[in-house]
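Novice:
And the structure:
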């Protein structure tokens, strides 16, 4: 292979965490990147998001300003008795960095997005800042010609197109991939309460522990708490059997009432129920188990993150695997190798990306 290198013109479909991570990695590798976001504002909503050592590694190597993300560095895992809240076990993470090389960060999705927006498009990082274009919803892609057509009528051409457009990916659809999935036996409600409100109301404040805390032992029923945004937000994922609370929709744009949380856990730790009674931003997440997709790339197009390997929230690896995807693309198309040389080598590089990343993400 000719190991000569050239700057690529790359299009990233999707301005979420995976898309911004890809733009960051490929900007650092010396390429020009344009991000196309379907909404009128590239932002995030939602909840806490885990970034274990395998994700934090890439944030540090890319020179991301992690302070913008306002993380809580985890110090413990704590499990509680379901009905009383009594502490059952504490797993100390004091040696986590020495064992794994990097800390375990908990972010709020909004803050992690702001952090990666800075690293992708901001002026204070190496490489050419990525360009963000909103109100660009992908309609079609010609994978051999490297052209993308949007619903607003615009057609663009890039050397490489990356689909980072989430679990309902249009890019994946254009690749001819049909998800093989089934409804999970569990579903999830997410809610938050701000730490200042918990303190004002005299409720239990979990933030000083800097811990992921767990209430379980009840089959599918379980509660997972994590602090985020410098400890200012209590974030809860509440899991229960899928057939217990039918709801019309799911996702971060659907709002439910607090009673939808409470009725699922009548015998739960009273102090936790008191937090739920005063929680806000109650969101339903209908969970599906996806079989691994048969392939991730074709021609000059690939997918990453949730578009390539949707994961259940209790795995706590969705963001980390998207960061690993982005890192792999940055390395493959970096100056050390010859995959940025021509149309043919770009295609070969994407095949290598799939060969490296698909088995690991599928296994996780």
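In the UniProt record's numbering, the protein residues as written are 1 to 364.
Glycine residues also receive a C-beta, built at the ideal position from the N, C-alpha and C atoms.
None of the values given here were measured: they were computed from a predicted structure.
1) Under 8 Å, with one C-beta from each stretch per pair, do the stretch 61-71 and the stretch 196-214 reach the 3-pair mark?
2) If we require 3 or more residues per run, which beta strand (DSSP E) segments fall completely within the stretch 240-316?
3) With which residues is residue 148 paired in a DSSP beta bridge?
4) With C-beta atoms as the reference, is residue 111 less than 7 Å away from residue 51?
5) Assuming contact is defined by CB atoms lying nearer than 7 Å, are residue 22 and residue 333 in contact in what I supplied?
6) State the start and end residues of the unbroken alpha helix (DSSP H) segment that holds residue 217.
7) With residue 59 as the anchor, note down where its beta strand (DSSP E) starts and where it stops.
8) Take the Cβ of residue 276 as the centre, count every other Cβ of all protein chains shown within 10 Å, and call the residue buried at 16 or more, exposed below.
9) For residue 20, name the three-state secondary structure that DSSP assigns.
10) Quick one: using the 10 Å Cβ neighbour count with 16 as the cut-off for buried, is residue 308 buried or exposed?
11) CB residue 268 to CB residue 18, shorter than 7 Å?
12) According to DSSP, what are the bridge partners of residue 339?
13) Which residues in the same chain as residue 240 place their Cβ atom closer than 7 Å to its Cβ, once the five residues preceding and following it in sequence are excluded?
14) Report the option in 145, 90, 360 and 344 whose CA atom is closest to the CA atom of residue 323.
15) What do you reckon, are the CB atoms on residue 167 and residue 306 nearer than 7 Å?
16) Starting from residue 108, follow its DSSP beta bridges and name the residues at the other end.
17) Residue range of the alpha helix (DSSP H) that residue 32 falls in?
18) Can you give the beta carbon distance from residue 39 to residue 134, rounded, assuming they're within the 8 Å contact cut?
19) According to DSSP, residue 187 sits in a beta bridge with which residue or residues?
20) Is it the case that the Cβ atoms of residue 328 and residue 357 are separated by a distance below 7 Å?
21) I'd like to confirm the pairing. Which residues does DSSP put opposite residue 11 in its beta bridges?
22) Would you check if the distance between the CB atom of residue 146 and the CB atom of residue 137 is smaller than 7 Å?
23) If you draw a straight line from the alpha carbon of residue 227 to that of residue 355, how long is it in whole angstroms?
24) What number of angstroms, rounded off, separates the C-alpha of residue 231 from the C-alpha of residue 169?
25) Measure the CB-CB distance between residue 119 and residue 64 and report whether it falls below 7 Å.
26) With residue 164 and residue 14 assumed to form a contact (beta carbons below 8 Å), what rounded beta-carbon distance in angstroms separates them?
27) Using C-beta distances below 7 Å, list every residue in its chain close to residue 289, excluding the 5 sequence neighbours before and after it, in chain order.
28) Using the rule of at least 16 other Cβ atoms within 10 Å of the residue's Cβ for burial, across every protein chain shown, is residue 159 buried or exposed?
29) Helix, strand or coil, according to DSSP, for residue 92 in the structure here?
30) I'd like to check one pair, residue 130 with residue 141: are the Cβ atoms closer than 7 Å?
31) Would you decide whether residue 83 is buried or exposed? Buried here means 16 or more other CB atoms lie within 10 Å of its CB.
Specialist: Let me spell this out:
1) no
2) 280-285, 288-290 and 301-303
3) 141 and 156
4) no
5) no
6) From DSSP, residue 217 is part of no alpha helix (DSSP H) but of the beta strand (DSSP E) over 211-218.
7) Element bounds for residue 59: not the beta strand (DSSP E) but the alpha helix (DSSP H), 53-61.
8) buried
9) helix
10) buried
11) no
12) Answer by DSSP bridge pairing: none, since residue 339 is not bridged.
13) 186, 187, 220, 221 and 264
14) 360
15) yes
16) 48
17) No alpha helix (DSSP H) contains residue 32, which is instead part of the beta strand (DSSP E) from 32-36.
18) 6 Å
19) 240
20) yes
21) 34 and 161
22) no
23) 36 Å
24) 33 Å
25) yes
26) 4 Å
27) 181, 182 and 184
28) buried
29) strand
30) no
31) exposed
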